[in-house]
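A.B. asks: All the letters of the sequence shown, read from the start, carry residue numbers 1 to 369 under my numbering.
Heads up, the beta-carbon is just placed ideally off N, CA and C, and yes, glycines get one too.
Sharing a structure with you now.
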Amino acid sequence: MALSPLNQRRWRNFKANRRATWSLVIFCILYGLSLGAELLANDKPLLVKYQGGYYTPFLQFYSEQTFGGDLRTEANYTTPEVQCLIVAGGSESCWDDPEAILTEAESKGTALGEPVQPGWMVWAPIPYSYNTIVNTGGVAPGPITAQNWLGTDDTSRDVLARVIYGFRLSVSFALVVTVLTSIIGIAAGAVQGYFGGMVDLVMQRVIEIWGSTPQLYVIIILTAILSKSVWLLIVLMVAFGWTGLVGVVRAEFLRARNFEYVRAARALGVSDWQIMFRHMLPNAMVATLTFLPFIVTGVIGSLAALDYLGFGLPADAPSLGQLSRQAQGNLQSPHLAFTAFFTFAIMLTLLIFIFEGVRDAFDPRKTFR
C-alpha cells in the first residue's frame, strides 16, 4: 500500500536522521533475535530424528517413552541415557553404559551390532534456557567460560540466556503498557479539551485525585497480596500511567478547538468524534510523541525497580531488575553488574534515539535535507 504524500515526507525526514535510522535497525535486529529466544537459548533440542521420525521438543511435549524409555514424564534431553536412546535408536543397553554406547552409535550408526536408523539432535547455539540450572561445580555465581559466555548468576542459571529472554520481556512489556496508556490518555485528553466546560472540570478533578494516589505503594501491596504475574503488572501500570498524556493532549485540543478548520467542519455537519480524531488529533501528535520516549523508558525503569525490590515479576521470570539485585549482592562477580548496566544502557539509548527521530519526523516545522 502506497504511503500518502504527508507520510512519505515524514518517512524521508526520519531516514534523514541517521542516528535514529541506525538505532531503529539495530533495535529491530536485537528485538527480532529476542523474539526467537527459544531458537537461540534452549535446554531442549530444536529438532530430533529418532527411528526415521522427526520431533521438535522445544515446541511440543514428548515423554521419555517416546524415545524408548520407561517414564511418562517429559524426557530430559541433557542426560546421557536419553541422548543414547535417541542416537542409538532406543537400544535397551543404553541404561547399562550410555556414554560408551552413545559414542559407538555416533561413530558407527549401530547399537550393539544391530543395525538401526541413526538418530541425532540439533541444539540451540546456547544450550540453556533462562531457568536452566547449570552445573558449575558448586560455584555460584559462576565466572565467564566457554560454555557460559556471560557466566552464571547466584542460582547457577546462564546469564546470557536470561538477558535474551529478559530483553524480550522488558521491551514487550513496555510497548504493551505504552500503547494501552497512550490510547486511554489520548482519548481522555481529547474529550476534555474538545468539549471543555463541566466535562473538563469533572474529569480534571478525577485525574488530580487519581494522580495523587501513591502508585508504587499500591503496586507493592497488590503484588504482595495477589499472585505475581506479567498481566497483573500490565493492568496496574496502565491503571496508573494513562494520566501522563492527558494534560498534553488536553492543551492541544483546547488550543485547536476554535481554529478555522474546526469551525468549518462543524458548519459542514461533521460529527464531533470525526473532528476530534480525524482532524484535530494529527495536529496534537507532535506534542504527544515528545513524551512517548519518557513513557517507554519509564515503564522499563519501573519494571526493573519493582523486580529489584522483589515486588515485580515472579522469581523464576527472566528479569533484568533481578539481575541488578544479584549484582549488588555479589560484588565479587563483576560480570553481573557489567551485564545489567550495558543491557539497560543499550536498550534505553536505542529507544530514545528512535523516538527522537519519530518526533522530528512528525514535526511539520522540521525539514531535513
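How many Å lie between Ser229 and Leu289 at the Cα?
C.D. replies: Approximately 29 angstroms between the Cα atoms of the pair.
A.B. asks: Look at the alpha carbon of Thr110 and the alpha carbon of Gln65, and state the distance between them as a whole number of angstroms.
C.D. replies: Low confidence applies here, because Thr110 scores a pLDDT of 45, under 50, leaving its location unreliable; read the following figure in that light. Rounded to the nearest angstrom, the two C-alpha atoms are 20 angstroms apart.
A.B. asks: Identify whether Ile144 lies in helix, strand or coil by the three-state DSSP scheme.
C.D. replies: Reduced to three states, the DSSP call for Ile144 is coil.
A.B. asks: With DSSP as the reference, please indicate the residues paired to Ile133 in a beta bridge.
C.D. replies: Paired residues: Arg157.
A.B. asks: From Arg162 to Ala317, what distance separates their C-alpha atoms?
C.D. replies: Taking the straight line joining both Cα atoms gives about 9 angstroms.
A.B. asks: Can you look up Ala41 in the DSSP assignment and give me helix, strand or coil?
C.D. replies: Of the three classes helix, strand and coil, the one that applies to Ala41 here is strand, per DSSP.
A.B. asks: Output the boundary residues of the beta strand (DSSP E) element that contains Gly120.
C.D. replies: The question names Gly, but residue 120 in the sequence shown is Trp. Start and end: Trp120 to Val122.
A.B. asks: Would you kindly report the start and end of the unbroken alpha helix (DSSP H) that includes Val48?
C.D. replies: Premise fails: Val48 lies in the beta strand (DSSP E), Leu47 to Tyr50, not in any alpha helix (DSSP H).
A.B. asks: Please go through the same chain and pick out, in chain order, the residues whose beta-carbon is closer than 6 angstroms to the beta-carbon of Ser4, but skip the five residues on each side of it.
C.D. replies: Within the same chain, Ser4 has no close Cβ partners at all.
A.B. asks: How should Asn135 be labelled, buried or exposed, when 16 other C-beta atoms within 10 angstroms of its C-beta is the threshold for buried?
C.D. replies: By the neighbour-count rule (16 or more Cβ atoms within 10 Å), Asn135 is not buried but exposed.
A.B. asks: Between Gly298, Phe291 and Arg257, which lies nearest to His371 when the distance is taken from Cα to Cα?
C.D. replies: There is simply no residue 371 to check, as the chain begins at 1 and stops at 369 in what is shown.
A.B. asks: Please report the residue range of the beta strand (DSSP E) in which Tyr54 lies.
C.D. replies: From DSSP, the beta strand (DSSP E) with Tyr54 extends over Gly53 to Tyr55.
A.B. asks: Which residues bound the alpha helix (DSSP H) around Asp360?
C.D. replies: Run containing Asp360: Pro334 to Phe362, per the alpha helix (DSSP H) assignment.
A.B. asks: Buried or exposed: Pro45, going by 16 or more other Cβ atoms within 10 Å of its Cβ?
C.D. replies: Buried.
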